[in-house]
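Taken in sequence, the protein lines are chains A and B. Note that the numbering used here has the first sequence beginning at 204, numbered continuously upward. Note that the numbering used here has the second sequence beginning at 12, numbered continuously upward. What follows is a set of notes on a single structure, which appears directly below.
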Amino acid sequence: TTRADHQCLACGEHALDLQSQRELLLPLAKRSILDKLHLNQRPTLSRPVSRAALRIALQRLHGRPQGALPEADRGQEYEIISFAETGFSNINQTRLDFHFFSDRTAGGMEVQEASLRFFVQLPPNTTWTLKVRVLVLGSHEANLTLATQHLLTVDASGWHQLLLGPEAQAACSQGHLTLELVPEGQVAESSVILSGAAQRPFVAARVRVGSKHRIRRH
Amino acid sequence: GINCQSGSKMCCRQEFFVDFREIGWHDWIIQPEGYSMNFCTGQCPLHVAGMPGIAASFHTTVLNLLKANAATGTPGGGSCCVPTVRRPLSLLYYDRDSNIVKTDIPDMVVEACGCS
């Protein structure tokens, strides 16, 4: 960066006083971080998440096996936590919508792994079977169709995790994932899937920026 | 590398910390609290040119001075004070959709400077 007297900072005296250094460097720091995150401007938060949900999500995320070494050619990787928007639900089924799209998907995102984390409140001493349906937009983008489903047995209240398959990963890569949780064979008095501020279901996804994006960086 | 002290004119690392709260970024950047955008500044006289790390010993400096004097006529000469060691900046932040994103941006923090 050239200074007013056309000398670069690295090659001359420490002539700048601290205040003018700050005025010069603060915008540089902002621009440097935004550029590296491929953002044009700082995000404005439309749906802030409660601190409680954030803490629990991070604890869940850090629950991953330690010491898993990244492959050498990992490239730019992200871990994204997307909190659910609760769509059409009743006591017999809960529909969860997750949005992943941002300008990062412009270059294509490769989802390496995705897992659903949700909180269940069960009556004591009961075991439930939950069906988790993965719904994707049909070929004409008009309606949701069933891509696959998982069966999960839960026998205690608390947080549960389900590793999602390739269909759900593909939906995340497209930017929108819809799941439906249906208790099997039980008649519930109230919804067993909690989505209060601190128990909001979320999907944790490990994604890598697509190769097209990387070419641009070269 | 050497950290800049007031009054030193030699190539050194100038620490510069950007507090995210101070610039109003603490709402969307969850961790860390700030960014050390350190930079390299100062002179690289001929007798320390080409020394990625600046040896503090008198003996090294004198030897280099002798070499520099012998090389004074060499075309090119001079060098710049540049980063020699850098580390990534790990960020945890909200994106536009309030998703939480964690990533490591390589080579963002200057740890040490030297004369190229």
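Cβ atoms here follow ideal geometry from the backbone N, Cα and C, with glycine treated the same way.
The beta-carbon of B/Arg24 is placed no less than 7 Å from the nearest beta-carbon of chain A. Around the C-beta of A/Thr356, fewer than 16 other C-beta atoms lie within 10 Å, and the residue is accordingly described as exposed. For A/Ser223, the enclosing alpha helix (DSSP H) has its first and last residue at Leu221 to Lys239.
The beta-carbon distance between A/Ser292 and A/Val323, rounded to whole angstroms, is 14 Å. This is too long to meet the 8 Å contact definition.
Contact check for A/Leu367 against A/Ala317 passes: the beta carbons are separated by less than 7 Å.
Chain-order list of chain A residues neighbouring B/Ile116: Ile236, Lys239 and Leu240, by C-beta distance under 8 Å. Residues of chain B whose Cβ lies closer than 8 Å to the Cβ of A/Arg250 are, in chain order, Asp108 and Ser109. Comparing C-alpha distances from A/Ala260 to each of A/Arg411, A/Ser223, A/Val410 and A/Val406 shows the shortest one belongs to A/Val406.
Rounded to the nearest whole angstrom, the CA to CA distance from A/His379 to B/Ala123 is 44 Å. For B/Phe31, the closest Cβ of chain A is not nearer than 7 Å. The alpha-carbon separation between B/Thr114 and A/Leu333 amounts to approximately 33 Å.
A residue is called buried once 16 or more other Cβ atoms fall within 10 Å of its Cβ, and B/Gly18, having fewer, is exposed. A direct Cα-to-Cα measurement between A/Phe303 and B/Gly35 gives close to 25 Å. Using beta-carbon distances, B/Met21 does not count as an interface residue toward chain A, since no partner is under 7 Å. Scanning chain B for C-beta atoms nearer than 8 Å to the C-beta of A/His302 yields Asp108 and Asn110, reported in chain order. Bounds of any beta strand (DSSP E) do not take in A/Cys375; it lies within the alpha helix (DSSP H) bounded by Pro369 to Gln377. Counting only residues of its own chain and dropping the five nearest sequence neighbours on each side, A/Arg336 has a CB closer than 6 Å to the CB of Leu349, Gln352 and Glu383. Secondary structure note for B/Asp108: it is in no beta strand (DSSP E), with a DSSP letter that is neither H nor E.
In the pairwise beta carbon analysis, the region 281-290 of chain A is classified as touching the region 101-116 of chain B: at least three pairs are separated by under 8 Å. The alpha-carbon separation between B/Met48 and A/Val412 amounts to approximately 25 Å. Taken through DSSP and simplified to helix, strand or coil, A/Leu261 comes out as helix.
In the same chain as B/Val29, and ignoring 5 residues on each side of it, the C-beta atoms closer than 7 Å to its own belong to Gly45, Tyr46 and Met48, in chain order. Distance between B/Ile41 and B/Leu102, taken at the CA atoms: about 8 Å. Taking the Cα of A/Leu325 as reference, the smallest distance to any Cα among A/Ala287, A/Arg250, A/Leu365 and A/Asp358 is reached at A/Asp358. Close to B/Ile34, with beta-carbon spacing below 9 Å, are these residues of chain A in chain order: Leu229, Ala232 and Lys233.
Residue state for A/Arg250 is assigned as coil, using DSSP reduced to three classes.
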